[in-house]
Amino acid sequence: MLYPREIQDLVDEFSQFPGIGPKTAQRFVFYLLKRSPDTIERISCHLRNIKNVRACTVCGNFSGQKICPICQDKKRDHSVIIIVSQPQDLMAIEKIGDYKGMYYVLGGLIDTVQMSGPKQIRAKESIERLRDPQIKEVVFALSSTIEGEGTTLYLINLIKQDPKLIQRLKLTKIARGLPLGSEIEYADEITLGEALKTRKIL
Ligand SMILES: [Zn+2]
Numbered sequence: 004m005l006y007p008r009e010i011q012d013l014v015d016e017f018s019q020f021p022g023i024g025p026k027t028a029q030r031f032v033f034y035l036l037k038r039s040p041d042t043i044e045r046i047s048c049h050l051r052n053i054k055n056v057r058a059c060t061v062c063g064n065f066s067g068q069k070i071c072p073i074c075q076d077k078k079r080d081h082s083v084i085i086i087v088s089q090p091q092d093l094m095a096i097e098k099i100g101d102y103k104g105m106y107y108v109l110g111g112l113i114d115t116v117q118m119s120g121p122k123q124i125r126a127k128e129s130i131e132r133l134r135d136p137q138i139k140e141v142v143f144a145l146s147s148t149i150e151g152e153g154t155t156l157y158l159i160n161l162i163k164q165d166p167k168l169i170q171r172l173k174l175t176k177i178a179r180g181l182p183l184g185s186e187i188e189y190a191d192e193i194t195l196g197e198a199l200k201t202r203k204i205l
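For the sequence shown, the positions run 4 to 205 when my numbering is used.
Below, the structure is given as structure tokens:
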């Protein structure tokens, strides 16, 4: 063994992280070895706290409490709900700062090629969430991939099977188009086609 057990154990742990190889894992440990005991204690504390993070029972977002602050916020618009695949997508929309409605996190997408996934993601649960009579609009904000489009269609189908839901809910999808600063001649056909379809009146 090259390193003392204390170092090697931590290198092995960091090596399991996504995108982190043994070299980077070693750099992390060497960095920590140079930190003060207070810093090490603070990091240990953060690591221990992460055990308490769970999925919000209403929206599925990461939360330190049973119901996350967004779902608890009475000032937010409870009539509109955005469906996203993962908590990171929710955070990306929150960062914009404009949206004040609610969310639902599916926890993944349906793999339409292997026809697997509806049971792995919270598809049925999302339909249950939409039974809340306050909700008037559902915005699908899933990736513009085969899986994302397939999942949107799957959920729309489930909603359409329920006359009460389809009567009350307005179903929308985020617009697809050209990224800011991009050149039309380099855009792929699907993106350009979508941009044209979702054109706006000026
Ligand atoms: Zn929540």
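Virtual Cβ for every residue (Gly too), placed ideally from N, Cα, C.
{"query": "Looking at ligand 1, does it come within less than 7 Å of valine 141, judged from the CB to the closest heavy atom?", "result": "no"}
{"query": "Taking only the alpha-carbon atoms, compute the straight-line gap between glutamate 152 and glycine 24 and give it to the nearest angstrom.", "result": "34 Å"}
{"query": "Nearest CA to the CA of isoleucine 159: which residue from Phe31, Ile138, Arg171 and Phe143?", "result": "Phe143"}
{"query": "Here's the rule I'm using: 16 or more other beta-carbon atoms within 10 Å means buried, otherwise exposed. How should asparagine 64 be labelled?", "result": "buried"}
{"query": "Take tyrosine 157 as the anchor and find which of Pro72, Arg125 and His49 has the nearest alpha-carbon.", "result": "Arg125"}
{"query": "Does tyrosine 157 come out as helix, strand or coil in the three-state DSSP assignment?", "result": "helix"}
{"query": "So which residues put a beta carbon under 5 Å from any heavy atom of ligand 1, going in chain order?", "result": "Cys59, Val61, Cys62, Asn64, Cys71 and Cys74"}
{"query": "Thinking C-beta only, is isoleucine 73 closer than 8 Å to isoleucine 145?", "result": "Sequence check: residue 145 is leucine here, not isoleucine. No, the pair does not count as a contact, with Cβ atoms beyond the cut-off."}
{"query": "Taking 8 Å as the cut-off, decide whether the C-beta atoms of tyrosine 107 and serine 129 are in contact.", "result": "yes"}
{"query": "With a threshold of 6 Å on Cβ separation, who are the neighbours of isoleucine 10 within its own chain once the five nearest residues in sequence on each side are excluded?", "result": "Val32"}
{"query": "Which residues in the same chain have their Cβ closer than 6 Å to the Cβ of asparagine 113, if we skip the five residues on either side of it in sequence?", "result": "In the sequence on display, residue 113 carries isoleucine and not asparagine. Same-chain partners within the cutoff: Gly120, Pro121, Gly153, Thr154 and Tyr157."}
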